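J.: A single structure is presented below for examination.
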Amino acid sequence: MRIHLSKLTEHLGCVLCHGMLRDAQTIPECLHSFCKSCIYRHFLVQGSRNCPKCFLTLKPRPITTLISDQQLQDIVDKIFPELRKRDAVDEKEFYARHNFPKKPQWMIDQQQAQKNGTDTGSRRRGSGNPSHSNSNGAATATASATDVTTTACNNSTGSSSNGSVRSVASSPAPTTTTSHKRKAAQTVLVNGSIVKTVTELSVQVYPFEDDAGNIDPLPALTFPYLQVEGSFKIFELRKLIQQRLNFDPSDEIEITCMGATVGPELSLLFIQRTIWHQHHERKPIILHYRRMLA
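The opening position of the sequence shown corresponds to residue 1 in full-length UniProt numbering, with each subsequent residue numbered one higher.
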């Protein structure tokens with residue numbers, strides 16, 4: 001049986017390098033797959049937050065949600081075994097040329113298991129390094145149960161509006177816990193290391209309305225619904241609003257929650273737990289912005 005290569009490329013190829021998938025990584029929102037080096041370059045170097053194939057706007061820091069698609073990569077390796085052999089030779093030559101020590105296989109499997117939140121890595125280590133199999137298996141299973149997603153790097157202040165927030169330009173405001181899509185923040189111990197889960201919160205942002213007419217209302221955002229990480233700070237939100245409304249940096253604004261001004265150093269997770277949760281447990285956080293009072 002013969003199959004044209006062009007038909008396989010559509011399903012097993014990478015649209016970024018136009019070659020076959022190498023170390024396939026899948027975007028969970030749209031299930032499109034790419035080479036690991038290609039998609040990392042797309043997110044980190046180009047600073048994009050869209051899927052390169054369908055252009056879907058992804059979650060904040062999309063690189064942290066990528067899934068290593070080993071099943072898809074196994075299919076590619078079975079159909080094109082010469083590519084895997086060539087990669088192994090090239091990798092060995094690269095390490096030798098630059099005099100880099102190569103990581104042992106059990107360590108590579110352990111890191112992959114931490115990223116995926118599964119116990120596959122511990123099963124693989126059972127044959128290669130027995131001393132690690134039992135202790136790491138339970139820890140990795142804990143990671144799977146809590147849906148651990150590691151954060152690769154902290155956002156700088158300048159990139160907060162691009163990497164930590166996602167606009168939701170659809171439909172009416174969500175009201176239930178399901179539509180809220182809030183993951184509980186947890187800290188778990190994985191293979192001896194403390195790993196924090198990524199917390200996402202749904203937020204609605206509107207201009208402050210003064211019934212007494214003492215404050216001129218500011219323009220409304222085109223997309224007031226945001227999906228942000230719990231660590232997202234109020235000063236980052238202020239900067240985002242200023243950018244979207246094309247405000248001059250000298251025009252300072254402040255954020256309020258339930259009528260009270262919140263400090264710029266506070267995170268949205270802190271506000272949700274200390275202010276909002278007591279009165280609106282099952283609703284997204286609603287914030288308002290206004291010109292800073294003298």
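C-beta atoms are modelled at their ideal positions from N, C-alpha and C, and glycine is treated no differently.
As the structure is a prediction and not an experimental result, all values here were calculated from the model.
(1) Could you name the residues of the same chain whose beta carbon sits closer than 6 Å to that of Q73, not counting the 5 residues immediately before and after it, in chain order?
(2) Grab the span of the beta strand (DSSP E) containing L58 for me, first residue to last.
(3) Skipping 5 residues on each side, what residues in its chain have a beta carbon closer than 6 Å to that of S48?
(4) Out of Q71, V45, R2, which one is the CA nearest neighbour of T26?
(5) With distances taken from CA atoms, which of R273, L218, T256 is nearest R244?
(6) At the level of alpha carbons, what is the spacing between I253 and L269?
(7) Pick out whichever of C51, K233, L240 has its Cα sitting closest to the Cα of F223.
(8) Between the alpha carbons of H4 and H18, how many angstroms are there, rounded?
(9) Counting along the chain, where does the alpha helix (DSSP H) carrying A88 start and finish?
(10) Using alpha carbons as the reference points, say which of R273, Y289, L226, Y225 lies closest to F247.
(11) Counting along the chain, where does the alpha helix (DSSP H) carrying A9 start and finish?
(12) For P207, count neighbouring C-beta atoms within 10 Å of its own C-beta (all shown protein chains included) and say buried if the count is 16 or more, exposed if not.
(13) Looking only at its chain, what residues have a beta carbon closer than 6 Å to the beta carbon of A145, apart from the 5 residues adjacent to it on each side?
T.: Judging by the given coordinates:
(1) Closer than 6 Å at Cβ, skipping near neighbours: A24.
(2) Per DSSP, L58 lies in no beta strand (DSSP E) segment and is marked neither H nor E.
(3) If we look at S48 and ignore the five residues flanking it on each side, its Cβ neighbours are H42.
(4) When each option's Cα is compared against that of T26, the closest is Q71.
(5) Its Cα nearest to that of R244, the residue L218 stands out among R273, L218, T256.
(6) Here the alpha carbons of L269 and I253 stand approximately 21 Å from one another.
(7) Taking only the C-alpha atoms, the option nearest F223 is L240.
(8) Each residue's Cα considered, the two are about 16 Å apart.
(9) A88 -> alpha helix (DSSP H) spans 81-98.
(10) Of the candidates R273, Y289, L226, Y225, the one whose C-alpha sits nearest the C-alpha of F247 is Y289.
(11) Rather than Ala, the amino acid found at residue 9 in this sequence is Thr. Annotation: the continuous alpha helix (DSSP H) that includes T9 extends over 5-12.
(12) Result: buried.
(13) Low confidence applies to A145: its pLDDT is 37, below 50, so where it sits in the model is not reliable, and the reading given next is rough at best. For A145, same chain residues with a beta-carbon under 6 Å away, outside a window of 5 residues either side, do not exist.
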